Amino acid sequence: RAQRHLMDAASDECREAQYLLSQFFLNPQMGGKVDVKKGVEFLNKAANGSDGVTIAKFMLAQAHQNGQNNLTVDMKKALAMYEEAAAQGHEISKKRAEAIQKQMQKDAEE
Numbered sequence: 096r097a098q099r100h101l102m103d104a105a106s107d108e109c110r111e112a113q114y115l116l117s118q119f120f121l122n123p124q125m126g127g128k129v130d131v132k133k134g135v136e137f138l139n140k141a142a143n144g145s146d147g148v149t150i151a152k153f154m155l156a157q158a159h160q161n162g163q164n165n166l167t168v169d170m171k172k173a174l175a176m177y178e179e180a181a182a183q184g185h186e187i188s189k190k191r192a193e194a195i196q197k198q199m200q201k202d203a204e205e
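Here the numbering used here = 1-based position in the sequence shown + 95.
Here it is in structure tokens:
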């Protein structure tokens with residue numbers, strides 16, 4: 096029943112509900128049936144835009160950085176998501192964005 100309420104809220108563009116649904120589909124400890132495709136879809140919706148959920152941006156960045164949740168490694172997307180989360184005050188994202196920028200700069204010099 097909780098999932099139904101979250102689905103209703105998520106369809107009304109409630110970013111927090113979209114984030115919670117992403118966790119429901121990605122995390123087996125949440126008690127739902129794992130569905131990575133749906134989980135990533137809701138994670139993207141939750142992270143989208145300047146009003147996106149900060150932790151969703153961070154988790155999406157991690158997934159792009161590490162190739163998790165059936166996403167291919169994409170450091171540019173990871174960097175963009177970390178920068179968005181950092182702009183919302185997420186300190187770990189700030190540090191990871193800086194590290195990726197340094198690595199990209201180093202790779203470009205080689």
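Here a beta-carbon is modelled for each residue, glycine too, at the ideal position from N, C-alpha and C. Remember, it's a predicted structure, so these values are computed and weren't measured experimentally.
Requested in this report: Closer than 6 Å by C-beta to Lys140: which residues in its own chain qualify, once you throw out the five before and the five after it? Chain order, please.
Outcome: Stepping through the sequence shown from its first residue, residue 140 is reached at position 45. Hits under 6 Å: Gln113.
Query raised in the report: Just how far apart, CA to CA, sit Cys109 and Ile195?
Result: For the purposes of this step, residue 109 is taken as the residue at position 14 of the sequence shown. For the purposes of this step, residue 195 is taken as the residue at position 100 of the sequence shown. If I take the Cα positions, the gap works out to 31 Å.
Query raised in the report: Just to confirm, does Gly144 get its C-beta within under 8 Å of one of the non-hydrogen atoms of the ligand ZN?
Result: Ligands in the displayed structure: none, and consequently the ligand ZN is not present.
Query raised in the report: Whole-angstrom Cβ separation of Gly134 and Asn164, contact assumed at under 8 Å?
Result: Taking the sequence shown and counting its residues from 1, the one referred to as residue 134 is at position 39. Taking the sequence shown and counting its residues from 1, the one referred to as residue 164 is at position 69. Taking 8 Å as the upper bound for CB-CB distance, Gly134 and Asn164 are in contact here, some 7 Å apart.
Requested in this report: Express the C-alpha separation of Glu193 and Leu116 in angstroms, rounding to a whole number.
Outcome: Here residue 116 refers to the residue found at position 21 when the sequence shown is read from its first residue. Here residue 193 refers to the residue found at position 98 when the sequence shown is read from its first residue. Looking at the two C-alpha atoms, the distance is approximately 30 Å.
Report task. Could you check the C-alpha separation between Met125 and Glu205 for me, to the nearest Å? Result -> Position 30 of the sequence shown, counted from the first residue, corresponds to residue 125. Position 110 of the sequence shown, counted from the first residue, corresponds to residue 205. Looking at the two C-alpha atoms, the distance is approximately 45 Å.
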